[in-house]
Structure formats: structure tokens, C-alpha cells
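In this text, residue positions in the sequence shown follow our numbering: the first is 16, and each later residue adds one. From the three backbone atoms N, C-alpha and C, an ideal C-beta is built for every residue, glycine too. Small disclaimer: the values here were computed from a predicted structure and weren't measured. For reference, the structure is listed below as C-alpha cells.
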Amino acid sequence: MKKWTRSVIPAAIAAIAVAPLSGSASAAQVDENAVGPHGYQDLQLNMPENQANATGLLVDRQAEGKCHYYYLRPSEGKPHPGSGVFVSETKGVVMIGGTDQTHTPEGLGFGDHFAEVKAAHPTLHSTDDPSWVYTAPVPGNPDAQYRFAFSEEGTVSDFGLEAKDMAECGS
């Protein structure tokens, strides 16, 4: 009995000591579908346009003055019409729109209810113009905010990560 106790207890202690390490390694893995707090995959807010293009995530460039507009490549999911990636000539990437395959790091995306978004972002507030669009601070990035648009049913119909200073791309 003594031999069993001496060999099993140290092994059990070692297993317990290692368990948190393996859990923290998993937690440290990047969620490839998360938009925020600083970007989406290799695409980052304030990244210059040439670097943003080099990520391979952008397609279908459209220019409106000093604000350029892209879509994420189709394999990243379907965006809301009018959403996409906005790139300022002076500030770089200033907005990254979500798709039906992406979500915030808090797990919010298309179809989530207003109450779920408000629970995750208690300071969520209406832009008032239009009344169905809300913004919330981005945990971990004081220079950005989330923008959520809600359908008449009260579910997320569009969302994105945007720089607080959108320069030429701001409304």
C-alpha cells in the first residue's frame, strides 16, 4: 500500500500542476473568426493600405476620394450589404465589417439579440442617427469602438470594428 501511495500521489500532483498550463495554452490561441479588439486575423486597424492588401483578405477595391472600400474575400463569409473594410489614405484601415462567419471576441455576431449585446457591452448607446445603430467601447482597445446595427426584430443585422478616428471615411 505504501508503494502505491508514493507513486500515485506524485503523479496526481504533477497532472494537476500541468493541467492549468494546457488550458492556458488553449486560451492563448487566437480565434480566427473574431473581429477585434485590434483587427481581424492579419488585418489590423490603422494598417496602411499596401499592408492590408498584402494580407490576402481584401478583394474588389472601390475608391471614393480618399476613402477606399473593399470586401473581405468570399471565404470569410457574407457581409451585410454596404459593409466591408474602409481604408483611409491618411489613417489606413479604419473599419472592418463583420460577416455571417465572424463575431466579436465576446461571441457576438449576426442574429444576436439586443439584450445579449447590451449584456456584453453595458455602455452600448444609440447613435440616434439612424436610431437602429449603436456603438460600444472595445475592451482592450481605447482607440476603437464596435458598431452594431439592429433589425426591426431587435437582432444584429450588421456589426463592425471601427477606429474612433475614421478620417476621410467617417460619416
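Extent of the continuous alpha helix (DSSP H) to which V153 belongs:
Note, V153: premise wrong, no alpha helix (DSSP H); beta strand (DSSP E) at V148 to V153.
Own chain residues within Cβ distance below 6 Å of K99, not counting five before or after
Note that residue 99 corresponds to Gly in the displayed sequence, not to Lys. Once the five neighbours on either side are set aside, the close Cβ partners of G99 are Y84, Y85, Y86 and G112.
Quickly, what does DSSP pair N156 with across the bridge? List them, please.
V153
To the nearest whole angstrom, what separates the beta carbons of N48 and T117, a pair I think is in contact under 8 Å?
5 Å
Could you work out which residue in T114, G71, A182 and P157 is closest to A164 when comparing CA atoms only?
T114
Between D144 and E167, what straight-line distance do the alpha-carbon atoms span, to the nearest angstrom?
15 Å
Do you know how far the Cα of M110 is from the Cα of R76?
14 Å
Environment of V45 [buried if 16+ CB atoms lie within 10 Å]:
exposed
Please report the residue range of the alpha helix (DSSP H) in which E131 lies.
F129 to A135
Which whole runs of the beta strand (DSSP E) in the stretch 68-104 are 3 residues long or more, in chain order?
73-79, 82-87 and 100-103
C-alpha gap between K133 and D180, whole angstroms
24 Å
S146 to Y161, Cα distance in whole Å?
16 Å
First through last residue of the beta strand (DSSP E) which encompasses D144:
Note, D144: premise wrong, no beta strand (DSSP E); not H, not E.
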